[in-house]
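The sequence shown lines up with residues 32 to 237 when you count with my numbering.
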Amino acid sequence: MDELPLFRRDVLEALRGPLEDGVVQVVRSGGSVTFPCRFSLVAAMNPCPCGYGEEGALCPCSPSAVRAYRARISGPLMDRFDLHLTMTRLRAADLMREREGEPSATIRERVEHARSIQRERYRAAGATNAAVSKRTLLLAGRFRPEAYEQLHGAIDEYRLTGRGTDRVLRVARTVADLRGSEHVGPGDVVSALGFRYVEEREADAA
């Protein structure tokens, strides 16, 4: 979904149930039908209405306009995104320079290996860190005590909700899988928090 804040508010809020429960329910006067609905939602938005938020003098948007724009995405909906990334505009030097990125085939191989680790861990076909119950994740996830301590300290600092805490645990386990680690350490929790709260940390630093 591109330009996420420009979608109607009721449309956006209707995504909360399917994202959380993995089902969509269609209700009519004659009854209701429930369909399976597991999907990955990828969305993008500008930093402000004009899109020049990071450019300073080029941005004509008032602080109130920026707040109103970002407020179109509710906190409960944002809480359901596992990864939050801030992209910066490429400069002339970046556009003119030929850059070598990691080949997609290499990335795919690493992801497939991480998924095979998860299938073996949970002893179920198709099982992933995102899909298993929280109890199963905590019992089989091999979280080191220091990882829990790191997360405990972040709960108040970042005002994590119960859902947000659950998401950080799952992303941290996945980060550890991608680097081939049997255990989840405090660094994996820090990485998961970094994916989730980049904007909050930057705002505090400013």
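Using N, Cα and C, we set each Cβ at its ideal position, and we do this for glycine too.
Remember, predicted model here, so these are calculated numbers, not experimental data.
Considering only C-alpha positions, which residue in the set the options is nearest to residue i?
i	options	result
Arg111	Leu209, Arg141, Arg204 and Gly193	Gly193
Leu37	Gly218, Pro78 and Gly172	Pro78
Thr196	Leu224, Ala99 and Gly84	Leu224
Leu170	Val215, Gly157, Ile104 and Leu209	Val215
Leu50	Ala124, Ala162 and Leu89	Ala162
Ala102	Glu140, Ser63 and Met76	Met76
Gln149	Met109, Glu140, Asp208 and Pro91	Asp208
Alpha carbon to alpha carbon, what distance is there between residue j and residue i?
i	j	result
Ala185	Ser147	30 Å
Gly48	Val55	7 Å
Asp33	Val73	8 Å
Ser93	Asp125	30 Å
Ile138	Asp187	34 Å
Ala96	Cys81	10 Å
Leu46	Val64	17 Å
Ser212	Thr119	31 Å
From which residue to which residue does the beta strand (DSSP E) around residue i run?
i	result
Phe226	Phe226 -> not in any beta strand (DSSP E); alpha helix (DSSP H) instead, spanning Pro217 to Arg227.
Val54	Val54 to Arg59
Gly62	Gly62 to Pro67
Are there any heavy atoms of the ligand MG lying less than 7 Å away from the beta-carbon of residue i, as far as the coordinates show?
i	result
Ala207	Because no ligand of any kind appears in the structure shown, any question about the ligand MG cannot be addressed here.
Take residue i and list the residues in its own chain whose beta-carbon comes closer than 8 Å to its own, dropping the five residues that flank it on each side.
i	result
Lys165	Asp197 and Leu200
Tell me which residues share the same chain as residue i and place their Cβ nearer than 6 Å to its Cβ, disregarding the 5 neighbours each side in the sequence.
i	result
Thr205	Asn160
Beta-carbon within less than 7 Å of residue i's beta-carbon, same chain only, minus the 5 sequence neighbours each way: which residues are those?
i	result
Leu89	Tyr83
Pairing CB atoms from the region 126 to 140 with CB atoms from the region 65 to 77, are three or more of them under 8 Å?
-> no
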